[in-house]
Structure formats: structure tokens, C-alpha cells
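*Asks:* Quick one: the structure is below, questions incoming.
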Amino acid sequence: MSRIIRFIFLVFLLIPTFVLAADEMKPPNLVVKFGDNAVTFSPVQPCGEKSFCIPWISDYISALYQYSVGIAAILAMVMIMVGGFLWLTSAGSPDRVGKAKEFITSAIMGLALALFSFVILYTINPRLVGLQGLELVSTTEREAWKEREKLGVYADCKHENAYFFNVSSQTLPADCSNYNFMNNINLMAIAAAESGCNPNAQSPAGACGLMQLLPATASRLAGRNVTCDELKSNPDLSIQLANKYINQNHSVHQGNLYHIAAGYNSGFGTQPTAGGLPALARSVDCPGCYAYECKTKPGGLAETQKYVENVVSYRNGA
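Here's what the structure looks like:
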């Protein structure tokens, strides 16, 4: 046994050892090398209209498999060499010859198993040897919104007297496509509900332009005097001021489109006034809910409830 250990030790001593000096730091080159072969990790890349692929995981597993087979083959060859050495030094001893044959036979069987593992895996399941990269399907904002709607993410009011918002999918007016709305589909839905995306619209209450802002509100947001005519002639300004108005009240609506629409329609106030409860004040008849979410005594908020339905329906149809 001691001679076997010495033999293996001598084999390792004969293997050349290379000492590499430290080089300057560089980004890692994702390449797996085995002998003369190299497997380069493929980068993440699009592989469909709504998906992208991460192939490097399968690349890594394949390289690891190849490396393992190579190691197994090397070990088998070493064992055959050990068996041959035992045979040569057996001096005719039947026990030593038998042990040498056992070494060689086991090594050959292990080598055959390693070499034919590909065939075995392919027979069990071809996908085991044809690893594919991970394909992740991206979700558009519109699809994500609809899925969240199905899960009831925006149905915050759980009271038994909660108002049921009859939300559908409503086609946006054609004129809405004339404006980019700062890439915010919520703003587009509000414009559709407010003015039908008509920049020249003016309500009996004095709201003007694409986003139907009161000149007084627009002036406060802009920090200067803004007239109704300017809101009509400058739809981009109307969009910018509406976006600022909504963002300023984020602490109230928390990005929830139902709350955004309710606040945009009736104001983002949260405290009762002489005129009644604002939409985003806490409901008395439906504890835990906002006033506009309760169907009990909706008062002037009945119009807001319909407005919210309209905005969300436009948003679903965007």
C-alpha cells in the first residue's frame, strides 16, 4: 500500500506547476475552460417579444457536467495505472494479481459509465442533456394592472357597506393618442374622463383644458398666473400641472388609482368641511374606509364614485 501512495505522489510531482503573477484588476471573463475547450457564459438577451433569456445557468451546468466527466476519466486512468503497477510488482503473487485486476476492472467500468452517461441521461430524458436557458416572461404595465385588479389589490374597503365599483374596460378616445402624458397611463385615463382628451374643453364650473384644471389651481401649481386660455392652448402645461398636483398629494392617495381619481375629482382634502366629507376623508358609516368607498349616504360623492369607475375603466382599456 505504501508503494501505491509513493507512486501517486510521484505522479503529482511530475505535473508542471505554474505560478502566475498578480495582474491588474479586470472584470471577470465568464469562461469555463477544460483542456482545450472553453464554454463562454452567454449574456442575458431578449428571446421573444415579451421575454428574455438567461442562458448562462444552463451553460454553467453543462460545463460542470463536462468537467465532472473529465475528472472521472482522469481518475479512472490513474486507477488503471495503479492496477498496472500492482500487477508489475506482484512477483507472481495470486493475491496481488487479483487485486490488480480488480483495480483495472473497476476503473474500466467507471470510465465506461462516465463516457456513456450522456447516452444514459438521453435515454431517460433528452432534456437532461439539452439544457435550455431560463426564459423569463416580462409583464407590461397594463397586464400587471389587470392582474392586480383581479387580486383585489385596490379593493381597500372591506366593510359590508362598501360601494361596489362596477369597473370594466373602456376604449380611450382617439384624441388621447395625440399626447404622451409624460408616459403615465393614469394621466391619460384621467384626461379621457375629464375632457375626452379635448384640449379646448371648458366645464360650467370653470375648469379648462385637457386635464380640466381650474385656473386658480393651475396658478397655484405653476407659481404664476395661468389663465383658462393658456390651459386650452397649452395641453402640455395642463398635463404637467395635473401630474404635479397628483404627485404633491402622494401621501394621501399612496399611488392607488382609485384614490387618485377620487381626489382629482373632489379634492385631496382629508378633513370634514362645512360642505360635507371630502372623498378621501375617513368614512363614518364604513369604518376603515374612505368616504367615497362607502355606499351608505354617499351624498355628493355619488358623482365621484361614478367618476372613479370611469377613470379606472379607461385605465383598463389603455
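Residue numbers for the sequence shown, in mature numbering (1 follows the signal peptide of the UniProt record, and there is no 0): -21 to -1, 1 to 297. Where is the CB? At the ideal position from N, CA and C, for every residue including glycine.
1. Mapping DSSP to helix, strand and coil, what is Arg199?
2. Along the chain, where does the alpha helix (DSSP H) containing Pro214 start, and where does it finish?
3. Got a sec, what are the start and stop residues for the alpha helix (DSSP H) His138 sits in?
4. Let me know the secondary structure DSSP gives Leu65 once reduced to three states.
5. Could you give the residue range of the alpha helix (DSSP H) that holds Arg294?
6. Please return the same chain residues whose Cβ sits closer than 8 Å to the Cβ of Ser174, not counting the five positions on each side in sequence.
7. Compute the distance between the beta-carbons of residue 299 and Leu259, then report whether it is under 9 Å.
8. Indicate the three-state DSSP secondary structure (helix, strand or coil) for Thr102 in the structure shown.
9. Report back the beta-carbon spacing between Ala197 and Leu210 to the nearest angstrom; my notes put them in contact at under 8 Å.
10. Considering only their Cβ atoms, is the gap separating Gly89 from Ala79 smaller than 9 Å?
11. Looking at the strands, I want to know which residues DSSP matches up with Leu192.
12. Near Val146, which residues of its chain fall below 8 Å by C-beta distance, leaving aside the five closest residues on each side in sequence?
13. Suppose you measure from the CA of Gln219 to the CA of Lys276; what does that come to, to the nearest Å?
14. Between the C-alpha atoms of Lys274 and Glu282, what's the straight-line distance to the nearest angstrom?
15. Taking the alpha-carbon positions, what's the Asp215 to His232 distance?
16. If you measure from the beta carbon of Ile83 to each beta carbon in chain C, is any gap under 9 Å?
*Replies:* Concretely, from the data shown:
1. DSSP, read as helix, strand or coil, puts Arg199 in helix.
2. Taken as a continuous stretch (DSSP letters only), the alpha helix (DSSP H) holding Pro214 covers 214 to 227.
3. Note, His138: premise wrong, no alpha helix (DSSP H); not H, not E.
4. Helix, per DSSP.
5. Note, Arg294: alpha helix (DSSP H), 281 to 296.
6. The beta carbon of Ser174 sits closer than 8 Å to the beta carbons of Ala180, Gly188, Leu189, Met190, Gln191 from its chain, once the five residues preceding and following it are set aside; these are given in chain order.
7. Because the chain spans -21 through 297 in this model, residue 299 falls outside it and cannot be assessed.
8. Helix.
9. About 6 Å separates the two Cβ atoms, so the contact holds.
10. No; because the gap between Cβ atoms is not below 9 Å, this pair is not in contact.
11. Here Leu192 is bridged, per DSSP, to Cys187.
12. Residues of the same chain with a CB within less than 8 Å of the CB of Val146, apart from the 5 flanking positions on each side, are Glu128, Glu288, Val291, Ser292, Asn295 in chain order.
13. Here the alpha carbons of Lys276 and Gln219 stand approximately 35 Å from one another.
14. Whole-angstrom Cα-Cα distance: 12 Å.
15. Approximately 24 Å between the Cα atoms of the pair.
16. The chain labelled as chain C is not found in the depicted structure, where only one protein chain is given.
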